[in-house]
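Trainee: Count the sequence shown with numbering that gives the first Met the number 0 and you get residues 0 to 380, in order. Just passing along the structure, written as structure tokens.
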Amino acid sequence: MGEQELHTPTIGIVGGGQLGRMLTEAALPLGINVGVVDPGVNCPAHQAGAKEITANLYDEAALRQLAKNSDYITVEIEHLDTHVLETLENEGAIINPRPATIRLIQDKYAQKVFLQEHGIPVAPFVEITDEKAALVALKDFGGSMIIKAKHGAYDGRGNMVVSSPAEVKKAFKAFADRELYAEKLVPFERELAVMVAKDMRGNVVSYPAVQTIHARNICEEVLAPAPVDESIREKAGELARSVVELLEGAGMFGVEMFLTKDGEVLVNEIAPRVHNSGHHTMEFSRTSQFEQHVRAITGLPLGSVESVVPAAVMINILGERDGPTRVTGLADVLAIPDTSVHIYGKSPTKVDRKMGHITATGKTLEEAQKRARKARKALDI
0 MGEQELHTPT
10 IGIVGGGQLG
20 RMLTEAALPL
30 GINVGVVDPG
40 VNCPAHQAGA
50 KEITANLYDE
60 AALRQLAKNS
70 DYITVEIEHL
80 DTHVLETLEN
90 EGAIINPRPA
100 TIRLIQDKYA
110 QKVFLQEHGI
120 PVAPFVEITD
130 EKAALVALKD
140 FGGSMIIKAK
150 HGAYDGRGNM
160 VVSSPAEVKK
170 AFKAFADREL
180 YAEKLVPFER
190 ELAVMVAKDM
200 RGNVVSYPAV
210 QTIHARNICE
220 EVLAPAPVDE
230 SIREKAGELA
240 RSVVELLEGA
250 GMFGVEMFLT
260 KDGEVLVNEI
270 APRVHNSGHH
280 TMEFSRTSQF
290 EQHVRAITGL
300 PLGSVESVVP
310 AAVMINILGE
320 RDGPTRVTGL
330 ADVLAIPDTS
340 VHIYGKSPTK
350 VDRKMGHITA
360 TGKTLEEAQK
370 RARKARKALD
380 I
């Protein structure tokens with residue numbers, strides 16, 4: 000009886016940055032190969048073992064080649080051409096999350112309308128087509144609001160807080176030729192996030208809610224579990240699962256929320272992919288968000304979301320200068336107990352560019368945070 004060639008499944012990822020890298024690191028031990036499309040030569044995912052097609056994420060020929068080489072397609076970023084993905088899906092490619100879901104989430108206004116129509120609590124919002132409409136909204140929202148671009152906004156880019164007619168004018172000048180909407184500025188006590196996994200059969204599980212702390216509109220720290228009452232964490236988890244159940248397709252979803260001062264939980268926005276708010280799961284959870292995503296999109300059973308330590312704190316390593324990438328202080332970080340460092344392999348370093356992250360665990364959040372902050376202070380990339 001002759002030997003049969005073993006078919007090794009391949010995941011194709013649109014984008015090969017740090018998320019693609021960590022997905023690759025999760026897939027390879029499961030015997031699953033990875034290919035990526037990314038514009039950067041020797042991108043982070045390629046460094047981790049993914050085969051790279053070097054091309055723009057909007058390059059149809061490159062995406063077609065990726066689909067041809069892959070059994071399953073997924074994304075590490077939502078800013079891409081969903082029309083090409085929908086065409087590939089119609090031609091038989093297995094893409095998760097579904098391109099229709101990605102397209103919905105790309106338009107932040109459409110996303111809000113969708114959530115509101117399905118009874119999901121969100122902050123009051125309204126479409127604004129000109130300065131006059133914006134001024135009416137400013138009055139209706141009590142004199143403070145956020146003007147947001149419908150498309151392409153992330154990490155604070157494409158958003159502007161306004162509280163006067165002059166600031167409205169400034170926002171319209173800054174966002175010229177972009178479709179906009181306004182959202183009431185809701186006073187919140189904390190920002191929360193819940194990572195949710197959904198498999199191909201529609202089964203949904205969620206990780207414990209975390210608190211996210213932002214600086215300059217970029218996630219700086221993640222505290223797991225969120226330091227709030229257990230009832231609030233359960234409420235956030237239930238809400239996040241109900242959101243993901245509405246969406247088509249499998250994989251990890253990040254659901255970002257506001258906890259208001261009166262205890263209400265409002266959904267802010269959704270990420271149709273692995274997310275910064277879930278990096279801590281590599282040390283905190285039985286199954287990391289990255290392995291979970293690989294499982295979900297390839298038809299494998301979902302893994303346990305059980306926490307294996309009492310507490311974890313993740314801190315992003317953001318670039319503090321422009322120039323060549325140099326790692327200093329690594330030995331000092333590795334001398335700190337229960338502390339892990341993940342360096343993404345990006346070059347060059349740029350101000351506020353995500354160059355890596357640190358996760359520290361502990362018996363309490365305070366212990367984990369102390370370790371993580373000590374490590375962050377010691378490390379420079």
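Glycine is no exception: its CB is placed at the ideal position from the N, C-alpha and C atoms.
Establish whether the CB of Q64 and some CB of chain C are separated by less than 9 Å.
Mentor: Although the question refers to chain C, the structure presented lacks it and comprises just one protein chain.
Trainee: Should the region 215-234 be regarded as contacting the region 162-172, the criterion being three or more beta carbon pairs within less than 8 Å?
Mentor: The region 215-234, when compared against the region 162-172, does not touch it at the 8 Å Cβ threshold.
Trainee: For I104, does the count of other Cβ atoms within 10 angstroms reach 16, so buried, or fall short, so exposed?
Mentor: Looking at its Cβ environment, which holds 16 or more other Cβ atoms inside 10 Å, I104 is buried.
Trainee: Go to N267, then tell me how far its beta strand (DSSP E) extends in each direction, as first and last residue.
Mentor: Element bounds for N267: 264-270.
Trainee: Per DSSP, what kind of secondary structure is K169 in: helix, strand or coil?
Mentor: Of the three classes helix, strand and coil, the one that applies to K169 here is helix, per DSSP.
Trainee: Within its chain, find whatever has a CB closer than 7 Å to the CB of K373; leave out the 5 residues flanking it on each side and keep chain order.
Mentor: For K373, where only same-chain residues beyond five positions count, the Cβ hits under 7 Å are I335.
Trainee: Look up L222 in the DSSP assignment and give the residues it is bridged to.
Mentor: Bridge partners of L222: Q210, V312.
Trainee: Name the two residues that bound the continuous beta strand (DSSP E) containing E126.
Mentor: Run containing E126: 124-127, per the beta strand (DSSP E) assignment.
Trainee: According to DSSP, is A74 helix, strand or coil?
Mentor: What sits at residue 74 in the sequence shown is Val, not Ala. In the structure shown, V74 sits in a strand (DSSP, three-state: E or B).
Trainee: Where do the ends of the alpha helix (DSSP H) carrying T100 lie?
Mentor: T100 -> alpha helix (DSSP H) spans 98-105.
Trainee: Would you please state the rounded distance, in angstroms, between the beta carbons of G15 and V35? I believe it to be under 8 Å.
Mentor: Yes, G15 and V35 are in contact; Cβ-Cβ is about 4 Å, under 8 Å.
Trainee: Name the two residues that bound the continuous alpha helix (DSSP H) containing D37.
Mentor: D37 -> not in any alpha helix (DSSP H); beta strand (DSSP E) instead, spanning 32-37.
Trainee: Quick one: using the 10 Å Cβ neighbour count with 16 as the cut-off for buried, is H292 buried or exposed?
Mentor: With 16 or more other Cβ atoms within 10 Å, it is buried.
Trainee: Can you find at least 3 beta carbon pairs, one from the region 278-294 and one from the region 8-25, that sit closer than 8 Å?
Mentor: Yes, the region 278-294 touches the region 8-25.
Trainee: What does F257 pair with, by DSSP beta-bridge criteria?
Mentor: In DSSP, F257 forms a bridge with E190, L265.
Trainee: Could you give the distance in angstroms between the alpha-carbon of V203 and the alpha-carbon of L238?
Mentor: Computed Cα separation, rounded: 12 Å.
Trainee: Does E365 pass the burial test, meaning 16 or more other C-beta atoms within 10 Å, or should it be called exposed?
Mentor: Result: exposed.
Trainee: Would you mind sorting D321 into buried or exposed? The rule is 16 or more other CB atoms within 10 Å of its CB.
Mentor: Classification for D321: exposed.
Trainee: According to DSSP, simplified to helix, strand and coil, what is R156?
Mentor: Looking at R156 - three-state DSSP - the assignment turns out to be strand.
Trainee: State the Cα-Cα distance for the pair E247 and E319, rounded to the nearest angstrom.
Mentor: Looking at the two C-alpha atoms, the distance is approximately 39 Å.
Trainee: Excluding the 5 residues preceding and the 5 following A367 in the sequence, name in chain order all residues of the same chain whose CB lies nearer than 6 Å to its CB.
Mentor: Cβ neighbours of A367 beyond the five flanking positions: A310, A311, V312, A359, T360, G361.
Trainee: Under a three-way DSSP split, which group does S298 fall into?
Mentor: With the sequence shown as reference, residue 298 is identified as Gly, and Ser is not the correct amino acid for it. In this structure, G298 counts as coil in the three-state DSSP scheme.
Trainee: Please classify R325: is it buried, with 16 or more other beta-carbons within 10 angstroms of its beta-carbon, or exposed?
Mentor: Answer is exposed; the Cβ neighbour count stays below 16.
Trainee: Report the rounded CA-to-CA distance for N55 versus T297, giving the unit in angstroms.
Mentor: If I take the Cα positions, the gap works out to 25 Å.
Trainee: Please classify D139: is it buried, with 16 or more other beta-carbons within 10 angstroms of its beta-carbon, or exposed?
Mentor: By the neighbour-count rule (16 or more Cβ atoms within 10 Å), D139 is not buried but exposed.
Trainee: Just grab the DSSP bridge partners of V195 for me.
Mentor: The partner list for V195 (beta bridge, DSSP) reads S205, F252.
Trainee: From what residue to what residue does the alpha helix (DSSP H) around K362 run?
Mentor: That residue, K362, is in no alpha helix (DSSP H); it is neither H nor E in DSSP.
Trainee: Bridge partners of G322, per DSSP?
Mentor: The partner list for G322 (beta bridge, DSSP) reads T348.
Trainee: What number of angstroms, rounded off, separates the C-alpha of Y108 from the C-alpha of V195?
Mentor: Approximately 22 Å between the Cα atoms of the pair.
Trainee: Taking contact to mean at least 3 C-beta pairs separated by less than 8 Å, is the region 127-142 in contact with the region 110-118?
Mentor: Output reads no: the region 110-118 does not touch the region 127-142.
Trainee: Just how far apart, CA to CA, sit V83 and L62?
Mentor: Near 8 Å, if we compare the C-alpha coordinates of L62 and V83.
Trainee: Could you give the C-beta distance for A223 and V243, rounded to a whole number, given that I count them as a contact under 8 Å?
Mentor: Rounded, the Cβ-Cβ distance is 19 Å, inconsistent with contact.
Trainee: Compare the C-alpha of N267 against each of E59, A44, K147 and name the closest.
Mentor: The shortest Cα separation from N267 among E59, A44, K147 belongs to K147.
Trainee: Mark A192 as exposed unless 16 or more other C-beta atoms lie within 10 angstroms of its C-beta, in which case mark it buried.
Mentor: Buried.
Trainee: Where do the N-terminal and C-terminal ends of the alpha helix (DSSP H) with L87 fall, by residue?
Mentor: Counting along the chain, the alpha helix (DSSP H) containing L87 begins and ends at 81-89.
Trainee: Mind checking which residues open and close the alpha helix (DSSP H) that includes S241?
Mentor: Its alpha helix (DSSP H) spans residues 229-245.
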